[in-house]
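Undergrad: Quick one: this structure, given as structure tokens, is what I'll be asking you about.
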Amino acid sequence: MRIVTGLRRRSRSLGLIFDELAGSPLMRLGAVLVATAIIAALVGPLVAPYDPTAIDLDVRLQAPSMAHWLGTDELGRDLLSRLLHGARISLAIGVSIVALSASVGTLIGAYAGLKGGWLDAAIMRATDVVLSLPGLVMAMAFTAALGPSLFNATLALAFVATPGMVRLARGQALTVRSEAYVEASQLYGAPSRHILLRHIIPNAAPALIVQATLSVGAIILAAAALSFLGLGAQPPTAEWGAMVANGRNYLTIHPAYPIAPGLAILVTATGFNLLGDGLNDALNPRREGRAK
Amino acid sequence: MTEAPLVQIDELELSFTSGRGRWSPVVKGVSIAVHAGEIVGLVGESGSGKSVTAMSIPQLQPRGISQITGGRVALAGRCTSQMSPSQLRSVRGGDVSVVFQEPMTSLNPTRRIQAQLIEAIAANTALDKAQAKARAKTLLLDVRIRDRERVLRAYPFELSGGMRQRVMLAIAFAADPKLLIADEPTTALDVTVQAEVLALIRDLALARGAAVLFISHDLAVVSQLCDRVYVMRQGEIVEAGQVTHVLTSPSHSYTRGLLDCLPEGHEKRARLPAPGVAPCTGSEQHVVAGGQVIALEEVSVAFTTKRDWRGRATEAVQAVKSASFNVRRGETFSLIGESGSGKTTLARTIMGLQPPSSGAVTVLGRAPLEAARSGRLQMIYQDPRSSLNPRMPVWQIVTEPLKIAGFRSDRREKAKDLLDRSGLAGDVLEKGPREFSGGERQRIAIARALSTDPEILVLDEPTSALDASVQAQILNLLLDLQDARGLTYFLISHDMSVVAHMSDRIAVMRTGEIVELGFAADKLQNPQTEYLQSLLKATPRLIGA
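So the sequences go chain by chain: A and B. Quick note: to get the working numbering, add 12 to the position in the first sequence (first position is 1). Quick note: to get the working numbering, add 59 to the position in the second sequence (first position is 1).
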């Protein structure tokens, strides 16, 4: 019963999203691209023809062929298999970083916005400090300091991605806080936890979901950049950014090597961006009441 | 009139889409004629299609989500729906001007009035800058703005609502339009300002020979301004004719209902006839014999507007100046006054939301905030859209005070019971507030307020955002609840007819001071102060009713 009613309650937002999907070809394209990436991440490793880390020096740097659809790299590893395995890593990194930064950022930001005062000011100045430095550069510095690894790169990117979410959540909280239903709730003596979880976060959610979806693309790109620079995924892990980094040395003799993972990054990041844009249009509260 | 009308809408049909390719008709075969120099009213409740009908004249109906499916809209004999974009531009800037309800959103907040006026003038004339500036001043003179130099230099936020609406009228008349479409232009204004702006519209239109299509939900306003009136309901014209004729002898039951559900002309506390309610049950004597439940002693509230570098207050605005009165158990005590008079601040002080800077407030013998926390003191807000969380199902909204107080069980049943008592029956528990109309939402808000078994309800303009027929239903509900449970109401309203209908006693506020206090019947019959006299005089009354 609870689940059914919950679904019915949410059906309005879902309806809006499907309406938007039906009406916007760009959002449909985004959804298809993201779905492709997700399917690749889920079933890719199962259908991959070779072990992505199996070295076979006899078939180094082969051009695409029937045996190796995308060819092989400088150690004779099958590029298609590496690409499919890489999808899982890239998506996992992108989604986990966004999930981490969005949840932490939402809680901190919404709390700061609700409470105001010195706490709010302190949190905002702290986000200013982080936001004042270029995110990728700071993530590089952190990863280099912690030691290059995929885990450390994830932590560093989550750290630099959080302040943006804090700011957004705070802005949303400031808007929702002035609504009469929050005042009414405070009059009944509601504790901050209740107001935060029942009023502020549910009403801030659409904007936060849109922002989170939009940032998945950027995060995947940033994670690939860190790996490209040798700070993220370490050999022999199959990761798109690292593959581009290795492949660029062979661009002239084996163009498919760097271009294939580059295209994969492009497609996934674009997909999340288009999807986020579409969600923004679908969940934009200003749409409501427009038909008057 | 024998000449061809200025505006001729013939059998207009218009549909809105809600997405997924579904279209629903909103305007169903509406025909309207406006002759040159005539003031015509278009009356209807929200959602009747009156605004979109009028906006179809300059082809300003919402794009993308609406489409004209039939009929013809002609302006001075030319069909506007077949005009090219450049032709439409000249119509919009030149022949037709529009004034909306909220001048704050119609004016650009980042530009000075002068620039916006000159822009409007320059778009329609070939004047140079100095000439345009001179013309801007003349226009402000025409809309009776006295300190023109200040207004020209001001940004929209520095002006009062009435002043902004005058500026909008100046912009609207900049191009000497043949037709002014005024869409609820005075709904957001105080009664005295409303009276001035209405007089201004009438005089300007007369002086310049412009026709006015005046859209309103308020029959009283229309009756004072217009020559002829069209009554619209659910996309159809149900009645049309001379204002005095329509108001005195309405032929359609809907018009009769609209007129009948206004508190004006009914006995005090009588249940108002409204759709789905048995006709008038007759009034009953309301006797108040209880002790005092709210006591204010010399309450002042000041807001700091400037601080020095150490954060100490150096300048303050006195929002409430030493207010003293008692409210007795079971009575309806109303606070009236114009916006900015401090009545909302005083209500917030009584709720404990705004601590007084001096003086003492006790509610039920306690501090206000304690009374609110205990649930004995509850509040109903003006706008039920913002007082209900759009992301909660109704049963959670209604029982939220109980949950906060620690009751966790049987919340759905409790909610059903409360909603029944508020007159909202049926399978509504799991719906979200957006699925309800304004009146239904206000019923939900009332159900929530009743959940803690309150003794006092603070009602902040509880029916101002509602249509007249819905207002009647909510007033009936409030009266029924008061009779059944002996509730005490502290009512804030700017609507004199609502106040007269509901109140036992009233207090009149002006710039933070209570200038009159006494029994409602007495005070409204024999106002002592000029201020209350002017408020009563400015209140639009139905002509002939």
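All C-beta atoms, glycine included, are put in the ideal place defined by N, C-alpha and C. A quick note: this is a predicted structure, and the numbers were derived from the prediction, not measured.
With distance defined between alpha-carbon atoms, name the residue in B:474, B:542, B:572 and B:284 nearest to residue 102 of chain B.
TA: Against the second sequence, residue 102 of chain B aligns to sequence position 43. Considering only alpha carbons, the answer is B:284.
Undergrad: If you compare alpha carbons, which of A:249, A:225 and A:81 is closest to residue 236 of chain A?
TA: The residue labelled residue 236 of chain A in the question sits at position 224 within the first sequence. Residue 236 of chain A has its Cα closest to that of A:249, out of A:249, A:225 and A:81.
Undergrad: Between which two residues does the beta strand (DSSP E) harbouring residue 367 of chain B extend?
TA: Against the second sequence, residue 367 of chain B aligns to sequence position 308. Element bounds for residue 367 of chain B: n/a, residue is neither H nor E.
Undergrad: Relative to the alpha-carbon of residue 572 of chain B, which residue among B:400, B:161 and B:166 has its alpha-carbon at the smallest distance?
TA: Counting from 1 along the second sequence, the entry for residue 572 of chain B is found at position 513. Out of B:400, B:161 and B:166, B:400 has the C-alpha closest to the C-alpha of residue 572 of chain B.
Undergrad: Is residue 240 of chain B near residue 157 of chain B, with beta carbons less than 7 Å apart?
TA: By 1-based counting over the second sequence, the position of residue 240 of chain B is 181. By 1-based counting over the second sequence, the position of residue 157 of chain B is 98. Yes; because the gap between Cβ atoms is below 7 Å, this pair is in contact.
Undergrad: If you measure between the beta carbons of residue 528 of chain B and residue 333 of chain B, is that distance less than 7 Å?
TA: As a first step, residue 528 of chain B is located in the second sequence; it is residue number 469 there, counting from the start. As a first step, residue 333 of chain B is located in the second sequence; it is residue number 274 there, counting from the start. Yes, Cβ-Cβ distance for residue 528 of chain B and residue 333 of chain B is below 7 Å.
Undergrad: From the DSSP output, which residues share a beta bridge with residue 126 of chain B?
TA: Here the question's residue 126 of chain B lines up with position 67 in the second sequence. DSSP lists B:74 as partners of residue 126 of chain B.
Undergrad: Checking the sheet assignment: what are the DSSP bridge partners for residue 138 of chain B?
TA: Position 79 of the second sequence, counting from 1, holds the residue named residue 138 of chain B. B:133, per the DSSP bridge assignment.
Undergrad: Listed in chain order, which residues of the segment 75-107 of chain A have Cβ atoms closer than 9 Å to some Cβ of chain B?
TA: From the segment 75-107 of chain A, no residue has a Cβ closer than 9 Å to chain B.
Undergrad: Quick check: is the beta carbon of residue 518 of chain B nearer than 7 Å to any beta carbon in chain A?
TA: Within the second sequence, the letter at position 459 stands for residue 518 of chain B. Chain A contact via Cβ: absent.
Undergrad: Check each candidate in B:561, B:515 and B:63 and name the one with the smallest Cα separation from residue 24 of chain B.
TA: An answer regarding residue 24 of chain B cannot be provided, because it is not within the stretch 60 to 604 covered by chain B.
Undergrad: Please state if the CB of residue 446 of chain B and the CB of residue 440 of chain B are separated by a distance shorter than 7 Å.
TA: For the purposes of this step, residue 440 of chain B is taken as the residue at position 381 of the second sequence. For the purposes of this step, residue 446 of chain B is taken as the residue at position 387 of the second sequence. Going by C-beta atoms, residue 440 of chain B is nearer than 7 Å to residue 446 of chain B.
Undergrad: Within 10 angstroms of the Cβ of residue 78 of chain A, are there 16 or more other Cβ atoms? Answer buried if so, exposed if not.
TA: Looking up residue 78 of chain A in the first sequence gives position 66. Classification of residue 78 of chain A: exposed, given that the 10 Å Cβ count is below 16.
Undergrad: Can you list the residues of chain B that residue 201 of chain A reaches, using a CB-CB cut of under 7 Å?
TA: Indexing the first sequence from 1 puts residue 201 of chain A at position 189. 432 and 463, listed in chain order.
Undergrad: Hey, is residue 460 of chain B's beta-carbon within less than 7 Å of any beta-carbon in chain A?
TA: In the second sequence, the residue the question calls residue 460 of chain B occupies position 401. Taking Cβ atoms only, chain A reaches closer than 7 Å to residue 460 of chain B, which makes this a yes.
Undergrad: Rounded to a whole number of angstroms, what is the C-alpha to C-alpha distance between residue 279 of chain A and residue 45 of chain A?
TA: For the purposes of this step, residue 279 of chain A is taken as residue 267 along the first sequence, with counting starting at 1. For the purposes of this step, residue 45 of chain A is taken as residue 33 along the first sequence, with counting starting at 1. Rounded to the nearest angstrom, the two C-alpha atoms are 7 Å apart.
Undergrad: For the segment 511-545 of chain B, enumerate the residues whose C-beta is nearer than 8 Å to any C-beta of chain A, in chain order.
TA: Those residues of the segment 511-545 of chain B that come within reach of chain A (Cβ to Cβ, closer than 8 Å) are 511.
Undergrad: Among all the DSSP beta bridges, which residues are the ones paired with residue 295 of chain B?
TA: Position 236 of the second sequence, counted from the start, is the residue given in the question as residue 295 of chain B. Answer is B:292, bridged to residue 295 of chain B.
Undergrad: For the segment 89-113 of chain B, which segments carrying the beta strand (DSSP E) assignment without a break, of at least 3 residues, lie completely within its bounds, in sequence order?
TA: Runs of the beta strand (DSSP E) inside the segment 89-113 of chain B: 98-102.
Undergrad: Specify whether the segment 91-108 of chain B and the segment 62-74 of chain B touch according to this definition: at least 3 beta carbon pairs, one from each stretch, less than 8 Å apart.
TA: Touching, yes.
Undergrad: Give the secondary structure of residue 224 of chain B by DSSP, where H, G and I count as helix, E and B as strand, and everything else as coil.
TA: To locate residue 224 of chain B, count along the second sequence from 1; it is residue 165. DSSP places residue 224 of chain B in helix when its eight states are reduced to three.
Undergrad: Closer than 8 Å by beta-carbon distance: list the chain A residues that pair up with residue 548 of chain B, in chain order.
TA: Taking the second sequence and counting its residues from 1, the one referred to as residue 548 of chain B is at position 489. Result: empty, since nearest Cβ-Cβ is about 17 Å, beyond 8 Å.
Undergrad: Quick one: list the residues of chain B neighbouring residue 62 of chain A, beta-carbon separation under 9 Å, in chain order.
TA: Counted from its first residue, the first sequence places residue 62 of chain A at position 50. Under the 9 Å cutoff, chain B gives no residues; its nearest Cβ is about 46 Å from residue 62 of chain A.
Undergrad: Closer than 9 Å, Cβ to any Cβ of chain A: which residues of the segment 161-183 of chain B, in chain order?
TA: Of all residues in the segment 161-183 of chain B, none has a Cβ within less than 9 Å of some Cβ in chain A.
Undergrad: Between residue 69 of chain B and residue 294 of chain B, what straight-line distance do the alpha-carbon atoms span, to the nearest angstrom?
TA: If you number the second sequence from 1, residue 69 of chain B lands on position 10. If you number the second sequence from 1, residue 294 of chain B lands on position 235. Their Cα atoms are separated by approximately 14 Å.
Undergrad: Considering only C-alpha positions, which residue in the set A:142, A:157 and A:232 is nearest to residue 107 of chain A?
TA: Looking up residue 107 of chain A in the first sequence gives position 95. Cα-wise, what sits closest to residue 107 of chain A is A:232.
Undergrad: Going along chain A in order, which residues have a C-beta closer than 8 Å to the C-beta of residue 438 of chain B?
TA: Working through the second sequence from its first residue, we reach residue 438 of chain B at position 379. Ordered by position in chain A, the residues that pass the 8 Å Cβ test against residue 438 of chain B are 196 and 199.
Undergrad: Report the option in B:163, B:175, B:301 and B:480 whose CA atom is closest to the CA atom of residue 211 of chain B.
TA: For the purposes of this step, residue 211 of chain B is identified with residue 152 of the second sequence, where counting begins at 1. Comparing Cα-Cα distances from residue 211 of chain B to each of B:163, B:175, B:301 and B:480, the minimum goes to B:175.
Undergrad: Rounded to a whole number of angstroms, what is the C-alpha to C-alpha distance between residue 71 of chain B and residue 107 of chain B?
TA: Mapped onto the second sequence, residue 71 of chain B falls at position 12. Mapped onto the second sequence, residue 107 of chain B falls at position 48. About 14 Å.
Undergrad: Helix, strand or coil: which one does DSSP assign to residue 555 of chain B?
TA: For the purposes of this step, residue 555 of chain B is taken as residue 496 along the second sequence, with counting starting at 1. In this structure, residue 555 of chain B counts as helix in the three-state DSSP scheme.
Undergrad: Judging by CA-CA distance, which residue of B:195, B:389, B:264 and B:595 is the nearest neighbour of residue 181 of chain B?
TA: Residue 181 of chain B sits at position 122 when you count from the first residue of the second sequence. Checking every option, the nearest Cα to that of residue 181 of chain B belongs to B:195.
Undergrad: Do we get a CB-CB distance below 7 Å when we pair residue 337 of chain B with the residues of chain A?
TA: Along the second sequence, read from residue 1 onward, the residue named residue 337 of chain B stands at position 278. Confidence in residue 337 of chain B is poor, its pLDDT being 49 and thus under 50, which makes the residue's placement too unreliable to answer from.
Undergrad: Would you say residue 114 of chain A faces chain B, with C-beta separation under 7 Å as the test?
TA: Residue mapping note: residue 114 of chain A aligns to position 102 of the first sequence, counting from 1. No, residue 114 of chain A lies away from the interface with chain B (no Cβ there is under 7 Å from its Cβ).
Undergrad: Nearest-angstrom Cα distance between residue 289 of chain A and residue 230 of chain A?
TA: By one-based count along the first sequence, residue 289 of chain A stands at place 277. By one-based count along the first sequence, residue 230 of chain A stands at place 218. So the alpha carbons of these two residues sit roughly 13 Å apart.
Undergrad: In angstroms with no decimal places, state the Cα-to-Cα distance between residue 36 of chain A and residue 285 of chain A.
TA: Position 24 of the first sequence, counted from the first residue, corresponds to residue 36 of chain A. Position 273 of the first sequence, counted from the first residue, corresponds to residue 285 of chain A. The straight-line gap from Cα to Cα measures roughly 14 Å.
Undergrad: Starting from residue 436 of chain B, follow the beta strand (DSSP E) in both directions and report where the run begins and ends.
TA: Within the second sequence, residue 436 of chain B is the residue found at index 377, counting from 1. Taken as a continuous stretch (DSSP letters only), the beta strand (DSSP E) holding residue 436 of chain B covers 436-439.
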